[in-house]
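Visitor: Let me give you the structure first, and then I'll get to my questions.
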Amino acid sequence: MTGVQTFALPICYSFCTLLRPPSNPHQNMSDNMIDETVAEVEQEDPQVEDEDAEPEDLLAALQQVLKRARFHKGLARGLHETVKVLDKKVAHLCVLAEDCDEAAYTALIEALCDEHQIHLIKVPEKKKLGEWVGLAKFDTNSNIKKVIGASCVAITEYGEKSKALDMILAHFA
């Protein structure tokens with residue numbers, strides 16, 4: 279006998295139950311209860327925040343740009359990652375915290391930005407910068423439990439165009 283041998287595998291009952299589509303959760307509810315639920319959902323006023331609104335100042339614009347860049351995986355956070363993208367000249371913008379503990383870190387980032395003509399923005403607190411780039415831990419009620427500071431961050435990809443990005447680019451023009 280040459281070629282490939284085939285084997286018939288039995289399908290177990292538990293595997294079949296996993297593949298079965300889930301039952302309708304509203305199956306046992308009366309039509310009145312469903313209508314009341316739909317009416318409650320329609321009555322709620324959603325608080326929609328317009329993210330493309332004009333930011334008040336440069337720091338608010340920077341916060342929005344960092345959020346979009348993080349969503350598009352265009353951030354390098356921390357000294358090691360930031361230095362790597364600054365050396366490769368793939369960073370568009372660098373953000374440095376003024377309250378950085380090490381003067382050598384600050385001097386290194388400033389020198390690399392000057393050497394490669396990459397724009398540099400300074401923010402007052404590294405804890406705020408860490409919160410903006412997603413280095414915060416939240417509890418179950420979405421309250422900030424712990425924030426890890428970030429001394430420097432580099433943006434490699436802005437994401438989509440926005441008024442906040444236009445404000446930052448106009449700042450450097």
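Sequential numbering from 279 applies to the sequence shown in the working numbering. Built from N, CA and C at the ideal position, the CB exists for glycine as well.
#1: Around the C-beta of P402, are 16 or more other C-beta atoms found within 10 angstroms, so that it is buried, or is it exposed?
#2: Going straight from the alpha carbon of V411 to that of A451, what length do you get?
#3: Where DSSP assigns a beta bridge to F416, which residues make up the other side?
#4: Do you know how far the Cα of K424 is from the Cα of K270?
#5: Can you grab the Cα-Cα spacing for the pair L407 / S429, in whole Å?
#6: For the alpha helix (DSSP H) holding V343, just list the boundary residues, first then last.
#7: Do three or more CB pairs link the segment 349–356 to the segment 381–388 at distances below 8 angstroms?
#8: Using the Cβ count rule (16 or more neighbours within 10 Å means buried), how would you classify L443?
#9: Using DSSP bridges, identify the partner residues of A375.
#10: In the DSSP assignment, the alpha helix (DSSP H) including V361 goes from what residue to what residue?
#11: Helix or strand or just coil, what does DSSP make of I387?
#12: What are the boundary residues of the beta strand (DSSP E) that includes I433?
#13: So, at 7 angstroms on beta carbons, what are the nonlocal neighbours of A339 in its own chain, with the 5 sequence-adjacent residues on each side left out?
#14: Report buried or exposed for I422, applying the criterion of at least 16 other Cβ atoms within 10 angstroms of its Cβ.
#15: In chain order, what residues of the same chain have a beta carbon less than 8 angstroms from the beta carbon of F416, not counting five sequence neighbours either side?
#16: Report the residue from D365, S420 and E409 whose alpha carbon sits nearest the alpha carbon of Q395.
Guide: In short, the structure shows the following:
#1: Looking up residue 402 in the sequence shown gives position 124. Exposed.
#2: Counting from one through the sequence shown, the residue named residue 411 turns up at place 133. Counting from one through the sequence shown, the residue named residue 451 turns up at place 173. Distance between the alpha carbons of V411 and A451 is about 25 angstroms.
#3: Translated into positions along the sequence shown, residue 416 becomes position 138. Among the bridge pairs identified by DSSP, F416 is matched with I422.
#4: Residue 270 lies beyond the residue range present for the chain, which begins at 279 and ends at 451; the question has no answer from this structure.
#5: Within the sequence shown, residue 407 is the residue found at index 129, counting from 1. Within the sequence shown, residue 429 is the residue found at index 151, counting from 1. Cα-Cα distance, rounded: 8 angstroms.
#6: By one-based count along the sequence shown, residue 343 stands at place 65. Where V343 is concerned, the enclosing alpha helix (DSSP H) stretches over L336 to F349.
#7: Touching, no.
#8: Mapped onto the sequence shown, residue 443 falls at position 165. L443 is buried by the Cβ-count criterion.
#9: By one-based count along the sequence shown, residue 375 stands at place 97. Note: A375 is bridge-paired with V401 in the DSSP secondary-structure output.
#10: Counting from one through the sequence shown, the residue named residue 361 turns up at place 83. If you look at V361, you'll find it in the alpha helix (DSSP H) that goes L357 to D365.
#11: Indexing the sequence shown from 1 puts residue 387 at position 109. In the structure shown, I387 sits in a helix (DSSP, three-state: H, G or I).
#12: What you label residue 433 is simply residue 155 of the sequence shown in a count that begins at 1. In this chain, the beta strand (DSSP E) harbouring I433 covers C430 to I433.
#13: As a working note, residue 339 is residue 61 in the sequence shown. Cβ neighbours of A339 beyond the five flanking positions: P333, A442, M445 and I446.
#14: Here residue 422 refers to the residue found at position 144 of the sequence shown. Its Cβ having fewer than 16 others within 10 Å, I422 is exposed.
#15: Working through the sequence shown from its first residue, we reach residue 416 at position 138. Around F416: I422 and K423.
#16: As a first step, residue 395 is located in the sequence shown; it is residue number 117 there, counting from the start. That would be D365, whose Cα lies nearest to the Cα of Q395.
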